[in-house]
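A short worksheet on the structure shown next.
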Amino acid sequence: MHLAQEVTTGFYSLAPWLVFAPLIGFLINMVLGGWFMKQPWGENAVGTVASLASGAAFVVSVLLTLSLSADHGEVMRWRLAEWIHIGELELDWTFRIDSLSTTMMLVVSGVGTLIHIYAIGYMHEDVRFKNDVGRFPRFFLYLNLFIAMMMILVSGDSYLMLFVGWEGVGLCSFLLIGFWYELDTLGRPSWANSNAAKKAFIVNRIGDVGFLIAGFIMFWALGSLQFDEVFEAAEGAAPGVILAITLLMLVGVAGKSAQIPLYVWLPDAMAGPTPVSALIHAATMVTAGVYLITRSAELYTLVPQAQSIVALTGAITALFAATIAMGQYDIKKVLAYSTISQLGFMVAAVGMGAFVAGMFHLVTHAFFKALLFLSAGSVILGVERGHHHTEHAHGHHGGKLKKGKKKEGKKEQRHEPVHEEEGEVFDANDMRNMGGMRRTMPTTYWVYMIGTLALAGIIPFAGFWSKDEILLDASLHYPVIYWILSVAAFLTAFYMGRQIWMVFFGEPRHEAAAHAQESPRVMTVPLMVLAVLSVLGGALNLPFEGFHNLGHWLEHTLHEVETLTFNLPIAGIATILAVAAIYLSWLIYGRNPLRAGEIDPLKKRLGAAFTALENKWYMDELYHAIIVTPYVKISQFLADVIDWRFWHDWFHENVIAGTYNWLSGIALNRYADQRGIDAFANGLATFTQWSSVILRKVQNGFVRSYALSVLLGVVLIVGYLILR
Amino acid sequence: MNLDLVFFLILSVIAVATAVGMLLSRNAIYAALFLVLNFVTVAVFYLLLGAPFIALVQITVYAGAIMVLFLFVIMLLGAESLPEEQALPWQRPLAALLGIILAVEATFIFLTRARPIGDVTQPDASVNTMTNLRALSEALFTQYLLPFEVTSILLLVAMIGAIVLVRKEKRVP
Amino acid sequence: MVPVNYYIILSAILFILGVVGVLIRRNSLIIFMSIELMLNAANLAFVAFGSVIRSFSGQIFVFFIIAVAAAEVAVGLALIVEIFKSKRSIDVDQMSSLKG
């Protein structure tokens, strides 16, 4: 590889535009956003600017990819600016254009641009539901900033630049999750969104500490942070050092890619608007961890123990999250836990050394998970539209309460949908309020189906090929992980089926769902594009000879790529499991569709286990009890007792102020000032008085005595002259 | 011991005696008269020292005019004697003491430090001639003209001052 | 042949007597007269020195001193008369209003 500045062919000089195009969009919207919003076409302008900025980044990514493929995937580095030059440490802002980074760039900017377009429509309605139209441009500011930061992350040539992007996307995640920082979904004051944002940021931070320490060790032991220099130095380093580095990086990955034990932020992050969930928490930011491990492949392959730990972490996370997803009622929470589970698949894949499989799944997952999230957003908005429609129709009364409806279970034959009573809160995300949406929102229904099938891993959708490759690799090298991942895949298909039956089939369980309206074209068109990608995405890396496109492409960077051929038994087992899971979910949820007010049928069957699933295995409560509460207590103790009561009240008042008062009042005032200086000054005056009283007697007015004193003077002078 | 010395001693005794007498007389008239005698004695001294003009000036002005003036004022004011009042009791002893000390100092100087300068020669007859007087007046009017003139002004000023001092003040009606 | 030192001794004695007189007596006229005595003693010293160096300057000096003494006496006595007019006394101890 060499610096691209020396290369004359290709579009490598455009590399900085990856970052600067979104930043320019950011600046334009920041400066002109307010003015835009005053125009009738303002929202479209803001959205167009942002989408064009993101699209420009995508175009640049395409051009870079084409240039790179023309150069046979040789790594190119484009240096933009010198940054740190201290002693022997030289770290610059250099863009690394190789096959791995271009893959990421394409995914991020491509899916990102689609989401930008979708967000124009989504936010148009969302700001009206929350009654704050002026906040519209801010969303696109943050989205563009996120794209810029993510580009820095994936195009960085050193761990330092990667970390800059890492932190930047963490910041943008915080900003976007807490976009409605003071409102809840209905526009009433609530701090729930800010708390979710804080949680995301803080938990990410914990991961970042691991990453940072890994960086420190890397610099200290290997002498550099630049990728090539690190990998070169790593071969001669002690294995313990490399093990430490890789495991600490795993901590960072666990934070950013939501693995056990730092995944707890991702479900809460669903508090953000749906485009945020799609972009950041499905397609791009959370994949940064997988990218990191893939980038550090040379390090990980040196320490097999670390690889095992990585793979196990991923597998256990996949299974764990899949179980929780079964018990969630919030449509986005199901998808969130699904994301965690799929990330577990990816992490397990790269942990096993199947980097291509992991990256492949990353790409396809970006397609169908973004699709699913965006469609879920469409569903949610549809329900909200129906809710507002019915609220206006009912004149904001709760409507007549249908007596005894909730109390009686199976006896009730009426399937009429309910609306909430006075004082109850309508949750548009709750799947128990939905149902029969395939009639009210057909387009959304179809794309959602495609996304579900892709996620469940049904042939020939994209998810099948990528997941199958992971399972294939696992079956060959790590049987335990193969079993764990297979169970997780089974559960994945099950909960997605559950979701489909609950949302789109049956009868609407709530008035709002009954009156749901389809989303506008600006939202549905990106969905369709993603759906196409979800169908055809498998072509990236089919496990047949000659079709390993992604594998060959990544081979330029990863050097060691195991290309696997199609294995019918494994694929067959996976497919059978998936189909069986969907059939099982149909048995439970589809055959007798859920009626309004009914409890989840799985609850009846699993009882207490289901309650645990509903409550996420009480992990948040556990963390709260083990970590948060003691931490708060210690902080309170330190602040209240030590800082305030001891330091401020006692120490300052008694020791410092008291000493000062003693010093000035007693020591200085009484002794130095009063007795010393005052006494001296007063004594001087008294002495002057006393001496003047005495000396005044010389002036007695008698001339003779004056003459006597003259004579005395004469005598003395003469005497002096004599004696001299 | 020659005649000059004897003369000198006798005259000096008289001079000192009269001076002491002046000091100790209770009566101011007596004190003035004692002083006159003293002046006359000093005039004789001047003669012995060869300054006849000064001797006669002494007698004429000092003893004749000044002391007479004194006597006028004494009699004018009726200040022959003063009542005995002691305002400053320590004045006399202290003055006497200081005087004695001064005298001791003077004798000390004379005995230890004084070098013999010379002798006063007995004046010869030439001092009584007009040429001596002429030489004196020549010196007075040539070399010491300025002091002479200034002294005349001084006398004028003194005269005016004395007149002004005793002038009656005009009463303001 | 009288050594001039003797004259000087005499002059000193007369001077001291004059000083003591100024200090001892309360009668302001007597004080004035003692001052005259002092001047006289100085005159004597002048003439004595003048005769030693055979110059007229001693005598001329005495001449001037006598003239000044006369002027001084005139003015001084006029002052004493004035004081007597207001104080009715010539006791110097009575003239202590400059006390303090």
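Protein chains in written order, with the numbering used here: chain B, 33 to 756; chain D, 51 to 223; chain X, 85 to 184.
Just so it is clear, CB atoms sit at the ideal spot from N, CA and C, and this is done for glycine as well.
Bear in mind the structure is a predicted one, so any value in this text is a computation, not a measurement.
Residue i at chain D interface by Cβ criterion, 8 angstroms
i, result
"residue 197(X)", "Outside the displayed range of chain X (85 to 184) lies residue 197(X), so it cannot be described from this structure."
"residue 135(X)", "yes"
"residue 726(B)", "no"
"residue 754(B)", "yes"
"residue 132(X)", "yes"
"residue 122(X)", "no"
"residue 119(X)", "no"
Interface residues of chain X facing residue i [CB-CB closer than 7 angstroms]
i, result
"residue 191(D)", "Within 7 angstroms Cβ-Cβ: nothing; residue 191(D) doesn't reach chain X, min ~10 angstroms."
"residue 92(D)", "124, 128"
Own chain, CB closer than 7 angstroms to residue i, minus 5 neighbours either side, in chain order
i, result
"residue 360(B)", "366, 369"
"residue 330(B)", "263, 266"
"residue 548(B)", "414, 415, 417, 418, 469, 472, 473"
"residue 144(B)", "86, 179, 311, 316"
"residue 189(B)", "109, 126, 127, 128, 258, 259"
"residue 113(B)", "124, 125"
"residue 591(B)", "none"
"residue 275(B)", "335, 337, 338"
Test: residue i CB closer than 8 angstroms to a CB of chain X
i, result
"residue 20(B)", "Given a span of 33 to 756 for chain B in the structure shown, any question on residue 20(B) remains unanswerable."
"residue 201(D)", "yes"
"residue 149(D)", "yes"
"residue 184(D)", "no"
"residue 209(D)", "yes"
"residue 194(D)", "yes"
"residue 112(D)", "yes"
"residue 142(D)", "yes"
"residue 118(D)", "no"
Contacting residues, own chain, Cβ-Cβ under 6 angstroms from residue i (five flanking each side not counted)
i, result
"residue 176(B)", "54, 57, 58, 82, 85"
"residue 516(B)", "347, 351"
"residue 160(B)", "none"
"residue 308(B)", "208"
Residue i: contacting residues in chain X (beta-carbon distance under 9 angstroms)
i, result
"residue 743(B)", "103, 104, 106, 107"
Best match in the options for proximity to residue i [C-alpha to C-alpha]
i, options, result
"residue 232(B)", "248(B), 110(B), 201(B)", "201(B)"
"residue 44(B)", "62(B), 687(B), 96(B), 245(B)", "96(B)"
"residue 119(D)", "149(X), 148(X), 145(X), 162(X)", "162(X)"
"residue 103(D)", "206(D), 210(D), 140(D), 183(D)", "183(D)"
"residue 190(X)", "144(X), 116(X), 160(X)", "With chain X covering 85 to 184 only, the question about residue 190(X) has no answer from this structure."
"residue 422(B)", "745(B), 136(B), 546(B), 506(B)", "546(B)"
"residue 493(B)", "397(B), 568(B), 727(B)", "568(B)"
Bounding residues of the alpha helix (DSSP H) (the contiguous stretch that carries residue i)
i, result
"residue 181(B)", "168-187"
"residue 214(B)", "Unbroken run through residue 214(B): none, as it is neither H nor E."
"residue 637(B)", "633-638"
"residue 183(X)", "Segment: none, residue 183(X) is in no alpha helix (DSSP H) and carries neither H nor E."
"residue 620(B)", "First-last for residue 620(B): undefined, no H or E at that position."
"residue 90(B)", "74-102"
Closer than 9 angstroms at the beta carbon, the chain D residues around residue i
i, result
"residue 179(X)", "Per Cβ cutoff of 9 angstroms: no residues; residue 179(X) is ~11 angstroms from chain D at best."
Contact set between residue i and chain D, taken where Cβ atoms lie within less than 7 angstroms
i, result
"residue 96(X)", "156"
Span of the beta strand (DSSP E), counted from its first residue to its last, around residue i
i, result
"residue 108(B)", "108-118"
"residue 190(D)", "It is not in any beta strand (DSSP E) - residue 190(D) carries neither H nor E in the DSSP assignment."
"residue 129(B)", "121-129"
Contacts that residue i makes with chain B (C-beta to C-beta distance below 7 angstroms)
i, result
"residue 183(X)", "731, 732, 733"
"residue 138(D)", "734, 736, 737"
"residue 108(D)", "By Cβ distance, chain B contributes nothing, its closest Cβ being about 26 angstroms from residue 108(D), past 7 angstroms."
Chain-ordered neighbours of residue i on chain X, where CB pairs are closer than 8 angstroms
i, result
"residue 740(B)", "107"
Proximal chain B residues relative to residue i, where beta-carbon distance stays under 9 angstroms
i, result
"residue 145(D)", "736, 739, 740, 743"
"residue 176(X)", "734, 735, 736"
Contact set between residue i and chain B, taken where Cβ atoms lie within less than 8 angstroms
i, result
"residue 152(D)", "743, 746, 747, 750"
"residue 87(D)", "Here the premise fails: no neighbours, minimum Cβ distance about 25 angstroms."
Any chain B beta carbon closer than 8 angstroms to residue i
i, result
"residue 161(D)", "no"
"residue 73(D)", "no"
"residue 165(X)", "no"
Cβ shell of residue i (< 8 angstroms), same chain only, five flanking positions each side left out
i, result
"residue 124(D)", "78, 79, 82, 130"
"residue 522(B)", "609, 610, 612, 613"
Proximal residues of chain D, C-beta to C-beta of residue i below 8 angstroms
i, result
"residue 126(X)", "Going along chain D, no residue has its Cβ under 8 angstroms from residue 126(X), so there is no contact; the nearest lies around 11 angstroms."
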